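To convert, take the position in the sequence shown, counting from 1, and add 147; that gives the numbering used here.
All C-beta atoms, glycine included, are put in the ideal place defined by N, C-alpha and C.
In this text the structure is predicted, and so the values were computed from the model without any measurement.
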Amino acid sequence: MLKLNFNSFDYSKINQKIQQFIKKYCQDQKVIVGLSGGIDSALTCKLAVDALGANRVKALIIKNIRYTDEGLMIARQFAKDLKIEVIEINTDDSRKTIIDETKPDLANFRKISSIDARITDLIIRTIACRDNLIYLGTINGTERLTGWYPKGALVGDFCPIGGLLKHQIIELAKFLKLPNQIIHSVSDDASKICSGCGSLSEFKGISYQTLDKVLYYLEIGQSVKRLKVNEKIIKTILNRIKSVDHKKQVFSPYPKINMHLSSPTRSGIQD
């Protein structure tokens, strides 16, 4: 039986690989990132600043009725610490118009969250087009594989963290010394894969640790049977992946991290 320890990967090399990817893709262009105050967008901003310099990174902060004052404060402070330019836009009016005209089920948090994500995506893309910026997506590898994001939204022109599972996101954030307030905001409940999109009911009772282990083995082409995970849980995860396979068609380029980790132990796998 093999043990998988996400904290034993070489995050110096992972950091270097992602920064190289950013530099290669961006060349001499500037970038824009949607900054929410959560770990994914914060890590994306940090990686971009380290790769390109603060003067080439802009952050968009969305304000509306759904975002807490605490979240906005965290996002603003983080952008200030990175010394990057910030654009703040209030979407309450446009959000209300869309909801009033389309009349979605207001009790369905997932549907409303998808509307918010698409509004944010539209604004980022519009500003990127206006200012000739490259739009950096903020969807992580766990969200990518489980399809826990609105199809085509928030993936950007390319997605620097698209190859990192959530536990790798956490460990890289620690390596890069992101604020503890941001790092510790992550739930261990896999049903809350995307904190802004409500719960994924089929994953209720599954830990993030278990989910990421299964996803990692699938990514590197190893049999998940080598993991000490309940077969019913594995089947639930595999069924979810199959049901959202169509989303891969429109996912943006991202650095392939796990498929290129050192062999034979791949850094984090131990006998």
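query, result
"May I ask you to report which of helix, strand or coil DSSP gives Ser399?", "coil"
"Measure the C-alpha to C-alpha separation of Ser342 and Ile271 and round it to an integer number of angstroms.", "Reliability fails at Ser342, whose pLDDT of 48 lies under 50, so the model's placement of it is uncertain and the value that follows must be treated cautiously. C-alpha separation (whole angstroms): 20 Å."
"If contacts are defined as beta-carbon pairs under 8 Å, then Asn309 and Asn287 qualify, I think. What distance do you get, rounded to the angstrom?", "Looking at the sequence shown, residue 309 is not Asn but Gly. About 7 Å separates the two Cβ atoms, so the contact holds."
"Looking at the unbroken beta strand (DSSP E) that takes in Leu207, where does it start and where does it end?", "Val204 to Lys210"
"Quick one: grab the DSSP three-state call for Phe256.", "helix"
"Here's the rule I'm using: 16 or more other beta-carbon atoms within 10 Å means buried, otherwise exposed. How should Ala254 be labelled?", "exposed"
"Is DSSP giving Ser261 helix, strand or coil here?", "helix"
"Whose C-beta lies closer than 7 Å to the C-beta of Thr412 among residues of the same chain, with five residues either side of it excluded?", "At Thr412 the pLDDT is 46, less than 50, meaning the model places this residue with poor confidence and gives no usable figure here."
"In terms of residues, what are the limits of the beta strand (DSSP E) holding Leu325?", "Premise fails: Leu325 is in no beta strand (DSSP E) and is neither H nor E."
"In whole angstroms, give me the CA-to-CA distance for Pro400 and Cys306.", "6 Å"
"Classify Val467 as buried or exposed, calling it buried when 16 or more other Cβ atoms lie within 10 Å of its own Cβ.", "This structure gives no information on residue 467, because the portion of the chain shown stretches from 148 to 418."
"Let me check one thing: in DSSP terms, what residues is Arg178 bridge-paired to?", "Note that residue 178 corresponds to Val in the displayed sequence, not to Arg. Answer is Val204 and Ile281, bridged to Val178."
"What three-state label does DSSP hand Asn154 in the structure shown?", "helix"
"Mapping the DSSP letters down to three states, classify Gly184 as helix, strand or coil.", "coil"
"Taking 8 Å as the cut-off, decide whether the C-beta atoms of Ile169 and Ile329 are in contact.", "no"
"Taking contact to mean 3 or more Cβ pairs, one atom from each stretch, closer than 8 Å, check whether the region 274-289 and the region 371-390 are in contact.", "no"
"With Val420 as the anchor, note down where its beta strand (DSSP E) starts and where it stops.", "No information on residue 420 is available, as it lies outside the stretch 148 to 418 that the chain covers here."
"Within 8 Å, do at least three Cβ pairs link the region 200-213 to the region 314-331?", "no"
"Measuring only the C-alpha atoms, how far is Ile165 from Leu194?", "8 Å"
"Along the chain, where does the beta strand (DSSP E) that runs through Asn237 open and close?", "Glu232 to Asn237"
"Taking the alpha carbon of Ser241 as the reference point, which residue from Met220, Asp263, Pro251 and Asn405 has its own alpha carbon closest?", "Asp263"
"Using three-state DSSP, classify Ser370 as helix, strand or coil.", "coil"
"I'd like to know whether the C-beta atoms of Ala206 and Leu182 end up nearer to each other than 8 Å.", "yes"
"For Gly303, which of helix, strand or coil comes out of DSSP?", "strand"
"Can you say whether Arg277 is buried or exposed, counting buried as having 16 or more other CB atoms within 10 angstroms of its CB?", "exposed"
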